[in-house]
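A short worksheet on the structure shown next.
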Amino acid sequence: MVDASGRERLLISLGSFVLALVAGALLLLVSGAFASCESPVFGLGGLQFCYNPIEVYSVMLNGAVGSPYSLGLTLRETTLLILAGVAVAVTFQAGIFNIGTQGQFIFGGLAGAAVVHYTADLLPANVVGGGGLFALGMMAAALIGALYGALPGILLAYYDANEVITTIMLNFIATAVAFTIVRSFLREGAAVQTTLIPDYATPPAIIFPSASSFSILILVPTLLIAVGAHYLLNNSPLGYNIRVSGEQPTAAEYSGVDSKQVIVRTFTLSGVIGGLAGGVFVFMVLGYWQPSVPQVGFDGITVSVLAANNPLGVIPAAALFGILQSGSVALDLQLGVPRQLAGVLRGIIILFVAMPEFMRMIGRRLGLGESSATSAVTGTEANDD
Amino acid sequence: LGGSNGSDDTDSSGGNGSDGATNVAIVYPVAGLGDQGFSDNAQEGLMQAEEELGISHSAGEPDSNSEYADFHNQFASSQDPDYDLIIGLTFDQVTPIETVSADFADQNWTLIDAAVEGRDNVSNISFTEHQGSYLAGTLAAHIATEGFESETVSASGEGVVGFVGGARNPVIERFEAGYEAGVEDFDESIEFRSAYAGEFNAPDQGQSIAESMYSEGADVVYHAAGGTGIGMFEAAQQAGRPAIGVDTDQSQTASDYSDVIVASMTKRMDSAVFTTIENVVNGDYDGSSDVQLGLADGAHELVYGQEIGSAVSDSAQEAVTTTREQIIDGEISIPETVDE
Amino acid sequence: MTHSVELTDIRKTFPGVVANDDVSLSVNKGEVHVILGENGAGKSTLMNILYGLYQPDGGTIRIDGEEKEFESPQDAINEGIGMIHQHFKLVGPMTITENIILGSEPKKSLGMSVDMETARREVKELSERYGFDINPEDAVEDVSVGVRQRVEILRALYRGADILILDEPTAVLTPDEIESLFVVFDELIEQGKTIIFITHKLDEVMSVADDISVLRDGKRITTIPAEEATNNRLAELMVGDEVLLELDRDPHPKGEELLRVDDLQIEGDDATLVDDVTLSVREGEVLGIAGVDGNGQTVLSDAIAGLIELDDGSVTFDGEDATEWGRNRLNDAGLSYIPPDRQEQGLVMNFDHGENVILGEQHTFPIGRRMRDDELAEEIVAEYDVKTSGVETSVKSLSGGNQQKLLVGRELERDPKLVIASNPTRGLDVGSIEFIHEQLLSARRNDRGVLLISSKLDELQQLSDRIAVIYEGEIIDTVDPETVTERELGLLMAGQELVTEETDSVSNENTLQAKRIEDENK
Amino acid sequence: MNLTRIENTTLTRRRIGLLALAIVAVVALLVSPYRDGITSIVNVGFFNTALVLSVPITLAGIGGLYSEKSGVINIGIEGFLIAGAFTSVLVTGATAGSLGADNAVWLGLLAAVVVGSVGALVFGVVCIRYKADQVIAGLAVWFIFLGLAPFLSRVYWGNINSPTVATFNQVAIPILSDIPWIGRLLFTNYPTTYIMLIVVPVAWYVLKHTSFGMWVRASGEHPESLDTAGINVNRVRYVSIMISGALSGIGGAALTLSTVGQFIGQGQTIVGGDGFIGIVAYLMGNYNPLGTFAAALLFAGLDALQLRLQQIGLDIAPELFGAVPYVAVIIVLVLFGYTRIPANAGENYESGDD
Ligand SMILES: Nc1ncnc2c1ncn2[C@@H]1O[C@H](COP(=O)(O)OP(=O)(O)OP(=O)(O)O)[C@@H](O)[C@H]1O
Ligand SMILES: Nc1ncnc2c1ncn2[C@@H]1O[C@H](COP(=O)(O)OP(=O)(O)OP(=O)(O)O)[C@@H](O)[C@H]1O
Ligand SMILES: [Mg+2]
Ligand SMILES: [Mg+2]
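Residue numbers (this note's numbering), protein chains in the order written: chain B, 1 to 385; chain Y, 1001 to 1340; chain E, 2001 to 2522; chain Z, 3001 to 3354.
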């Protein structure tokens, strides 16, 4: 989507992050002058500033990685974001603006929970049964994710239905349908939520405290999925076709690519990963499914954008947003700084990433990477039709 | 509104942990503060405890239901401060507290407005909303048959009443069931309309629902919808008809709308919060207690609006008073669920 | 003598390129001034500067002797300059009228809204005055390229341009349309207007120019009066070297039949695009397909290459029925395809050389292998003389000619049995054209078959063993390039049967036009 | 080239299809056992609710339409709605004391317009001057306001949800408001509703019949043609983007000041996706302001209907019913074809690029 070499992309992403921190610091200073607090961190003239940006950032960082518990939370968030980010990235690589990961996440999670609801009694209540339950659940999550992902793909490929619209619609529909399914079929007791997943079917917490609901046994395969997606894009005809379709659909067609098939396959692949994210959420994080799920699918878009849609880049991008996300809670509890700050920072980062021109300008002003910046400009402008 | 942020005090409380000051954490429902009713009222109880009992407190305001467990975990595992009590509110926090409390046997919880069963470190406080709502139904039925007239609103007695719910859950259905029974026991022929917005923080939806009810002739509408209910008051203002508030005396807490609030069915979240904290401070906390507060405890009351409450007819007031006594005496049986 | 336009020391650099290197140029009032030059010589850049689209790095512009500074096209328009750009600057979904008045709309209702009534009337009048047959209500995207070209001209005239710049307006026109354009030139010159005309076609230059300027590598080489020019001299000035305009095409024995197309039929939404086409190509043979753009050749070549499903008919490739094969299987069997649009179809602009050279072959790669072939890319770069800074740079940084060389190289390096080449030299300079022609002929020498689709008659005549003429989706005749005349080909392309002129009394437009060409040529 | 022809037939087919769909839906409801209930709830109050609910969707949609027509895809209108909703409450609340409620709400509306336009201007600079990827920058705009508004709510009010502030009253236009039905709908309403009712035809007229409208269309389809016609493309785009910001600002203010005067910062905020529905509305309306309004009314109407069907006992699954509009959109897209996006939407334009 954004034109630049790999190295430059990395610099742009890093620069965006730094600039976002600076912009966030300004926001903290200004808003700190309006906030009411008992003991301002410092006063200047008649103004009293409630927030100290340095302190805010260090509390955030410490809150995200400062203890095994919080590091677990961060990694848990990161795991979900990697899956969602990769799910989004593969479709973005194909030039498809897929916003539907959230819907696949919802249904993937629900499918996992439904499997537990219907089969928990059939399997032994021990590690073996638990493993089976987990495997079945994740398979169901992937399958439902694939189906729900393929749907907008089919609609786009064979009915020319704009994927931005259909995926937004399918997200709304997923929310409503999932709610109704739980309310009507999977409910146990009065609350609209599914059966609790038994402990023996939950991925074991090793290294990190169980309270953080994180298992490294999930993170490792997740990393493998990101690496695998990268490998697939660069080392398989399907990956090549996905990229050609994204760059130039007419060239793809010319080279014998069945673009409809590629669209559907890409969406399906994305759906599988999005569905797995839902499964991980249910099995590892929440332990059951209920209608108000976090916006992991949307966060996946930001992760993918920051990573320039590169599945390997998704890993650090997800870690960064994971830190922001889980550090923000500490911020709120310890300093009383609204944790919505994390959302603002996320938006600003994406804004800077969206404008490489601006970042290059900043780079030149600062005298940084002069040569690489200018050569990149030459490269992109010379033949800009 | 006081911009006081519960967490401001946390810093100072760190040192107090050892010298006996009580630290309390509260996890608000997703709909959040600012509902001029439920959550705000709970916060008031907390403030009262701070003032009168000198406690320190922190608050968690989750963004989605899936964050409840994290906040409970966070507070439970916190060493600095070490919380003496964590308060959870609403039905949505049952499972999160159930799960987390199993991991922290030494941590005390109180869940208000719902119940976690079988844990001796979680005490529950719930209410008999159906009883209080029955009174609201009695009043509504009177208005729907006799009509209502004040300087700011008027209802001609069309024989239609409405109910706006937030999300559908057993607690809110208790409100609806009691209210509907109150109306029907008075007069079978009164048309009863009810709709749920699905959320507790969607005032625009609440307004839309109430608007349709008033335009269908509803003489009065009652809500159990938290912040969503504010929309009902707005619709009442636009329609010039009376409305019944909930949780607090909303003619005071939502004073912008005191000109339409004929009465409110209070539900004393504040005293529930205060009492449970007081128990902890006094060392009387009982983790296995399961209290249901009702009319007899003064936990519910039908209070007439500051501005227009006086226009309620004497007969209606009398009916409410006698009904209240009958309920307390157990002479009226009130359903807790609506038949779908 | 006052010059209508006088450019002095115009300089313009783009990153890495000096597009205009202190160019000075004077254009006489009331004359047709032709600018010639290879691709990339800087012609369009110079004109865009004159039109205010580009800001020069240095130099001055004088209009009627007065120095001007153009910061935007608006300034140039105000000075009476109109420009018809190399690529159409028209808004497809808007009507012809809307396109013409865009930017200088007549107003009504106190200037609140556009007076479409007046606009339509004015456009109608203007087009009638120049004998243009257009319907002002048609959306531009629905009309032919010829009509679009007229709309472009009307757009400039509507603004009352005195100085008209036409940047390669004839590249997409039929001989008839070119002829009528030149009639318009005459009329404009009569009205005292000045015309600057850019083209690559030397014969056009000879028929309309008063003066001819030649640009090379961003510099003006010379300006000569038309009388002093000959094709050879101009070509030499352009490339700076003696060029061979005649290619060497030895007779070559034909072998087995490689491709056979029988009764091929393709239906569009509301018209038959390819109608009952039958043709065959043998080893060592070049079959040319002549036709004016838009007569179904692209659909035909796409269909043969396996990109479009046939509605009827069959394709036999190398003795096997290949009707149902599809692109990949045909490719594997040895059918290469040089598509008409290198930047959209043939190459992936943001991919580098190594990735581009496997385009079309990607399905043969096993999972796990890197999807690129740098060795092959190096080989093509060396053999086909592709000027590049490296095989790991994206091909969008290459010039058009070099992109085409890479593309042709890729398709020929597969050592195909047959190659379909669709307009393989469109928009290229003389040197690159020659090179590509040489490659196609060498394929022929190696007993490969070539199906050459082109809108350039000279190209077809030079390379083909036979020429089939396509008109409205039908092959209406197949002729021998040695004996057919350009005039006859032109007639066929315009849909005329080759019959003796006396007996043909049908006086439809085409015949009339054809006659006029004949008259002019005398 | 061929697309046009397909497009034209698609359009008529789509209109017929929509009509058919609507007729089928109405007939189905009327023959159902709930007929009496339904005829009783589909009354003037229903249409009024739909009209009021459609205001933010329509305004955001028309704004987005202008921006996209001019060549800049503004996926951030959801963010501008949030900005408008928040600002209007903030300013109204802060000034009601000194200016009086009536003036304060208008000032709140004005502030929303200013913040919307200035925000859009920044977005424009990002997209045009710094050649940002428009879709990504638009997403960023959404994320920023989605975070910033609740952040500032908590800074300023201490709560993620604001207190209630003064609101617009419905204004009855003398005489006209006495006409049955129409009078209630069109002439007894909130000022923001009137603004929308004026904006819709004006936006249509400007786009179709004025020079500026022509420029906007040309700018998104083929900017070079506009540039070579002597019109500054980027200026046209800046103006269009700012129109989208200003209209979204009004839309956001309508969400708060024409309802309960409260900003809800939780979750998706009080805006709750109206901006995205606005995008869908203009795509369904095929970039026509009138079509956009019709589509917005359809969405708002189904929403209003859902809340009413519950009241007559048709309450099997209100959440599921809430999804009906979204399913309808997909069916319409599948059966009746796609929308043609302006050819150069999403592309940066720099004068002189060949
Ligand atoms: N916008 C631009 N950015 C960078 N380089 C450019 C740009 N426009 C033209 N050039 C370069 O300037 C040189 C002159 O280009 P120009 O288009 O003027 O050539 P031309 O003589 O018109 O060629 P053609 O016959 O192909 O139209 C070429 O090397 C071209 O690549
Ligand atoms: N799917 C289609 N439906 C309707 N008309 C079509 C379709 N495809 C092509 N056409 C029309 O059929 C005619 C022939 O098209 P074709 O693409 O073969 O032209 P061409 O001679 O190859 O020229 P060019 O390559 O310059 O477009 C054109 O008028 C084109 O607009
Ligand atoms: Mg040129
Ligand atoms: Mg074609």
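Just so it is clear, CB atoms sit at the ideal spot from N, CA and C, and this is done for glycine as well.
Exercise. With contact counted as at least three CB pairs below 8 Å, one residue from each stretch, are the segment 1167-1176 of chain Y and the segment 1122-1139 of chain Y in contact?
Worked result: yes
For this session: Run through the segment 2014-2051 of chain E for me and flag every whole alpha helix (DSSP H) of 4 or more residues, listed as ranges in chain order.
Result: Qualifying alpha helix (DSSP H) stretches, in chain order: 2043-2050.
Exercise. When you compare only the Cα positions, how much space is there between Thr1322 (chain Y) and Glu1188 (chain Y)?
Worked result: 19 Å
For this session: Find out if the Cβ-Cβ distance for the pair Ala3218 (chain Z), Leu2102 (chain E) is shorter than 7 Å.
Result: yes
Exercise. How about Leu91 (chain B): is its C-beta nearer than 7 Å to some C-beta of chain E?
Worked result: With the sequence shown as reference, residue 91 (chain B) is identified as Thr, and Leu is not the correct amino acid for it. Not an interface residue.
For this session: Compute the Euclidean distance between the alpha carbons of Tyr2536 (chain E) and Asn2099 (chain E), then round it to the nearest angstrom.
Result: Residue 2536 (chain E) is absent from the model: chain E starts at 2001 and stops at 2522.
For this session: Please check if any C-beta of chain Z sits within less than 7 Å of the C-beta of Arg1193 (chain Y).
Result: Output row for Arg1193 (chain Y): interface = yes.
Exercise. Would you call the CB atoms of Tyr1083 (chain Y) and Ala1021 (chain Y) closer than 7 Å?
Worked result: no
For this session: Take Leu232 (chain B) as the anchor and find which of B:Val86, B:Val65 and B:Ala20 has the nearest alpha-carbon.
Result: B:Val86
Problem set entry | Per-residue DSSP class, three states only, for His1057 (chain Y) | strand
For this session: On a CA-only basis, which of E:Leu2287, E:Arg2370, E:Met2349 and E:Ile2436 is nearest Ala2468 (chain E)? Give me that one, please.
Result: E:Leu2287
Problem set entry | Buried versus exposed, by CB contacts within 10 Å (16 or more), Lys2396 (chain E) | buried
For this session: Could you tell me which chain Y residues have their CB closer than 9 Å to the CB of Phe3046 (chain Z), listed as they occur along the chain?
Result: Ser1212 and Ser1215, listed in chain order.
Problem set entry | beta strand (DSSP E) segment containing Pro2225 (chain E), residue limits | Lys2219 to Pro2225
Problem set entry | Length of the line joining the Cα atoms of Leu2244 (chain E) and Arg2148 (chain E) | In this prediction, Leu2244 (chain E) has a pLDDT of 45, which is less than 50 and means its spatial position is unreliable; what the coordinates show is noted afterwards. Near 35 Å, if we compare the C-alpha coordinates of Arg2148 (chain E) and Leu2244 (chain E).
For this session: Using a Cβ-Cβ cut-off of less than 7 Å, give me the residues of the segment 3291-3316 of chain Z that come near chain Y, in sequence order.
Result: Result list: Ala3304, Leu3307, Arg3308, Gln3310 and Gln3311.
Exercise. Does the beta-carbon of Val3157 (chain Z) have 16 or more other beta-carbons within 10 angstroms, so that it is buried, or is it exposed?
Worked result: Here residue 3157 (chain Z) turns out to be Trp, not Val, going by the sequence shown. Per the 10 Å Cβ criterion, buried.
Problem set entry | Tyr1179 (chain Y): first and last residue of the uninterrupted alpha helix (DSSP H) it sits in | Start and end: Pro1170 to Phe1186.
Exercise. According to a CB-to-CB cut-off of less than 8 Å, which residues of the segment 259-286 of chain B neighbour chain E?
Worked result: If the cut-off is 8 Å between Cβ atoms, the segment 259-286 of chain B has nothing near chain E.
For this session: Step through the CB atoms of chain Y and report whether any lies within less than 7 Å of the CB of Gly57 (chain B).
Result: Inspection of the sequence shows that residue 57 (chain B) is occupied by Tyr rather than by Gly. With 7 Å as the cut-off, Tyr57 (chain B) does not count as an interface residue toward chain Y.
For this session: Kindly indicate which three-state DSSP category Gly43 (chain B) falls into: helix, strand or coil?
Result: strand
For this session: Whole angstroms is fine: what's the gap from Gly1330 (chain Y)'s alpha carbon to Leu71 (chain B)'s?
Result: 55 Å
Exercise. Contact between the segment 1280-1291 of chain Y and the segment 1237-1255 of chain Y: three or more CB pairs below 8 Å?
Worked result: Under the 8 Å Cβ criterion, the segment 1280-1291 of chain Y does not count as touching the segment 1237-1255 of chain Y, having fewer than three qualifying pairs.
Exercise. Taking 7 Å as the CB-CB cut-off, is Phe3168 (chain Z) touching chain Y?
Worked result: no
Exercise. Which parts of the segment 3203-3262 of chain Z are runs of the alpha helix (DSSP H), unbroken and 4 residues or longer, counting only runs that do not cross its ends?
Worked result: 3211-3221, 3223-3228 and 3233-3257
Exercise. Is the distance from the Cβ of Ser2113 (chain E) to the Cβ of Thr3210 (chain Z) below 7 Å?
Worked result: yes
Exercise. When you compare only the Cα positions, how much space is there between Met2349 (chain E) and Gly2360 (chain E)?
Worked result: 15 Å
For this session: Would you please verify whether the beta carbon of Ser1101 (chain Y) is less than 7 Å from any beta carbon of chain B?
Result: no
Exercise. Considering only residues of the segment 1261-1299 of chain Y, which uninterrupted beta strand (DSSP E) runs meet the minimum length of 3 residues and lie entirely inside it, listed in chain order?
Worked result: 1261-1267 and 1290-1293
Exercise. DSSP three-state call for Val2261 (chain E): helix, strand or coil?
Worked result: strand
Exercise. Taking buried to mean at least 16 other C-beta atoms within 10 Å of its own C-beta, is His2532 (chain E) buried or exposed?
Worked result: The question about residue 2532 (chain E) has no answer, for chain E in this structure spans 2001 to 2522.
Exercise. In terms of residues, what are the limits of the beta strand (DSSP E) holding Asn941 (chain Y)?
Worked result: This structure does not reach residue 941 (chain Y), given that chain Y is present from 1001 up to 1340, and the question cannot be answered.
Problem set entry | Check whether Val177 (chain B) and Val192 (chain B) have beta carbons under 7 Å apart | no
Problem set entry | Start and end residues, beta strand (DSSP E) containing Asp2275 (chain E) | Thr2272 to Arg2282
Exercise. Which residues mark the beginning and the end of the alpha helix (DSSP H) in which Lys2387 (chain E) is found?
Worked result: Counting along the chain, Lys2387 (chain E) falls outside any alpha helix (DSSP H), and DSSP gives it neither H nor E.
Problem set entry | Nonlocal neighbours in the same chain, by C-beta distance under 8 Å from Arg187 (chain B), ignoring five residues either side | Hits under 8 Å: Gln193 and Thr194.
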